[in-house]
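For reference, each letter of the sequence shown is one residue, going 936 to 1240 in our numbering.
Don't be surprised by glycine CBs; every beta carbon is placed ideally from N, CA and C.
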Amino acid sequence: MTRTMIGIAELEAGLIEDLVDRADNLEQKLSSGLRRLGGLEGTLITTAFFEPSTRTRLSFETAGRWLGAEVLTFNPATSSTVKGESLEDTARTLASIGTDLFVVRHTDDSAPSRFADASDRPVISGGAGITTHPTQTLADLLTIRRYFGRIEGLRIGIVGDVAHSRVAAGLISALPRLGALLHLIGPPGLLPGPADAATLARTHELDPSLPELDVVYLLRVQVERGTDTGYRSEEEYAADYGMTMARVGSLPAGAVVMHPGPMIRGVEISDEVADHPRCLATRQVAMGVPARMAAMLWCLGGETR
Ligand code: NCD
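Written as structure tokens, this is what we have:
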């Protein structure tokens, strides 16, 4: 049996918790020094990233290797995509070569399901449009659970370009179902419409929220998606929404800062906060490898040793 993982919204809460448990176990093995855990030997995984990526693509490719799969990188910029080959024909071509599982990143929200339909192979979204990025959510849930020992009851503020962030979309879908209390914080044009997030607390002011939060989850302004912050400069935006050490000082003791990367230092996060032990950004990246291993095993039905 094979399965496709497009968005976290399609996964039931119990399954999300199960995937985080599995990722937790895998992470314990990795951090004890084990690497080649196996489970997907003899399978071919192809990453097809039509948008730039550093941590997501490389952690998927690392995850596939630790599971014993062969991993191919499809690079659109040096492929027949530049000659005009369609997404569907590309998917069929890569399936014909023998791909068993695709990881797809694209500006188009529907690209992972289009890839799955055309190739008749399971697909994991590696980030599509503004709606899906399920393994980022799994990595973030594992990071939060490891740090606090729970998710239920935590007060989590998502700050910045919430409306155009697929990372935020995943958190907004998963966290309330796991019992966390969400606050969406950003300028008027950057919060999702009430229909998208009707039951969540929403505010345009960061400072009054800070003493109420256990986690401040910062987002990059998605300039490549045409975001208009409504501010004349990055400095003015940062004055209202940038996380500084002064703002960290307003958080409750034990609260942490998270960021999915890439961080734009000096805009949503200062250098000092980015490099501070209370910023979990590098832990989130580390948790991405076991989270993606858990997702791949779920899609292909494998078990590690
Ligand atoms: C994010 C993405 O691509 O959605 N990055 C990531 O995968 N860690 C966030 C972003 O680009 O702002």
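Between the Cα of residue i and those of the options, spot the shortest distance and give me the residue it belongs to.
{"i": "M1228", "options": "D959, G1062 and A944", "result": "D959"}
{"i": "P987", "options": "E947, G1061 and T981", "result": "G1061"}
{"i": "L1076", "options": "V1094, D1052 and G1105", "result": "G1105"}
{"i": "Q963", "options": "F1050, A1226, F995 and E996", "result": "A1226"}
{"i": "A1188", "options": "S1108, F984 and F1083", "result": "F1083"}
{"i": "L1007", "options": "E996, A1046 and T1013", "result": "E996"}
{"i": "I1032", "options": "A1209, P1195 and F1009", "result": "F1009"}
{"i": "V1158", "options": "S1100, E1023 and L975", "result": "S1100"}
{"i": "G949", "options": "M1178, R1112 and H1118", "result": "R1112"}
{"i": "P1143", "options": "A1074, L1186 and I1204", "result": "L1186"}
{"i": "F1037", "options": "S1045, S1054 and D1024", "result": "S1054"}
{"i": "A1074", "options": "L1215, V1151 and R1040", "result": "L1215"}
{"i": "T939", "options": "A1012, C1234, T1013 and M1178", "result": "C1234"}
{"i": "A1012", "options": "T1025, R1000, G1003 and L1002", "result": "T1025"}
{"i": "A983", "options": "T1016, P1212 and V1039", "result": "V1039"}
{"i": "D1044", "options": "I1059, A1030 and S1168", "result": "I1059"}
{"i": "D1035", "options": "R1200, S994, T978 and D1206", "result": "T978"}
{"i": "S1015", "options": "T1028, G1196, A1221 and G974", "result": "T1028"}
{"i": "R990", "options": "R1240, V1220 and V1208", "result": "V1220"}
{"i": "R1213", "options": "E947, V1191, G1201 and G1223", "result": "V1191"}
Which residues does DSSP list as the beta-bridge partners of residue i?
{"i": "V1039", "result": "A983 and S1060"}
{"i": "R1000", "result": "Paired residue(s): none; R1000 is not in a bridge."}
{"i": "M940", "result": "I1059"}
{"i": "L1153", "result": "V1094"}
{"i": "V1191", "result": "V1150"}
{"i": "L1231", "result": "Checking the sequence, you will find Met at residue 1231 rather than Leu. Answer is none; M1231 lacks a bridge partner."}
{"i": "R1178", "result": "Reading off the sequence, residue 1178 comes out as Met, not Arg. Answer is I1204, bridged to M1178."}
For residue i, which of helix, strand or coil comes out of DSSP?
{"i": "Y1172", "result": "helix"}
{"i": "A1136", "result": "strand"}
{"i": "E1005", "result": "strand"}
{"i": "L993", "result": "helix"}
{"i": "R1160", "result": "helix"}
{"i": "I1065", "result": "coil"}
{"i": "L1116", "result": "strand"}
{"i": "I1199", "result": "coil"}
{"i": "Y1166", "result": "coil"}
{"i": "G1092", "result": "strand"}
{"i": "I1204", "result": "strand"}
With a threshold of 7 Å on Cβ separation, who are the neighbours of residue i within its own chain once the five nearest residues in sequence on each side are excluded?
{"i": "A1103", "result": "I1093, V1097 and L1154"}
{"i": "A1109", "result": "I943, I951, T1072 and L1076"}
{"i": "E1147", "result": "R1090"}
Considering only residues of the same chain and omitting the five flanking positions on each side of residue i, which have a CB-CB separation below 6 Å?
{"i": "R957", "result": "A1229"}
{"i": "A1115", "result": "I1086, L1089 and I1091"}
Ignore the nearest five residues each way along the sequence and tell me which others in residue i's own chain have a CB closer than 8 Å to its CB.
{"i": "R970", "result": "W1001"}
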